[in-house]
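Participant: Residue numbers (the UniProt record's numbering): 1 to 163.
The C-beta atom is built at its ideal place from N, Cα and C for all residues, glycine as well.
All values derive from a computational prediction rather than experimental measurement.
(1) If I measure Cβ to Cβ from residue 145 and keep anything under 8 Å in the same chain, skipping five residues before and after, which residues do I get?
(2) Between 56, 78 and 53, which lies nearest to residue 127 when the distance is taken from Cα to Cα?
(3) Suppose the cutoff is 8 Å on Cβ atoms and the five residues either side in sequence are ignored; what does the same chain contact list for residue 151 look like?
(4) In its own chain, which residues sit with a C-beta less than 7 Å from the C-beta of residue 71, not counting the 5 before and 5 after it?
(5) According to DSSP, is residue 111 part of a helix, a strand, or is it coil?
(6) Kindly list the residues whose CB is nearer than 6 Å to the CB of residue 75, restricted to its own chain and excluding five residues on each side of it in sequence; keep chain order.
(7) Confirm, please, whether the CB-CB distance from residue 124 to residue 89 is below 7 Å.
(8) What are the residues that DSSP puts in a beta bridge with residue 85?
(9) Just how far apart, CA to CA, sit residue 148 and residue 133?
Now the structure itself:
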């Protein structure tokens, strides 16, 4: 697979320059046996496949596009309390960046969303004055509370206050 050098004449390469993704695509069952897995276990794996890390664009799509996307789930959860939930594009990219930084991939997206929304998820049900919650890049990166947009009082509420 890869050639390595040893000694003073060896070519020095950083970890960023070494590409290991191509090697995983070429793995054969014999390689797994040499690695130490028992043949009985390898025989139960009909297909050996390699996967690569998801990029930011893919993680943003996972957050927003599928039928059961996390953004849609949380939006529906907030709608149950009569509150609109909005994520800026920068916020979705910041969530994807955090998942990449943590090395958790798509599985870590829910944990990041929980960290961002947990404070307001406890506060919103007890408040009647909130119309919208906006999650921005700063909310995700700097651990700032999401922007809360107040509800405009209805005509009957304004009349009651003036009387």
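Facilitator: Concretely, from the data shown:
(1) 119, 120 and 139
(2) 78
(3) 128, 129, 130 and 131
(4) 63, 64 and 87
(5) helix
(6) 85
(7) no
(8) 133
(9) 5 Å
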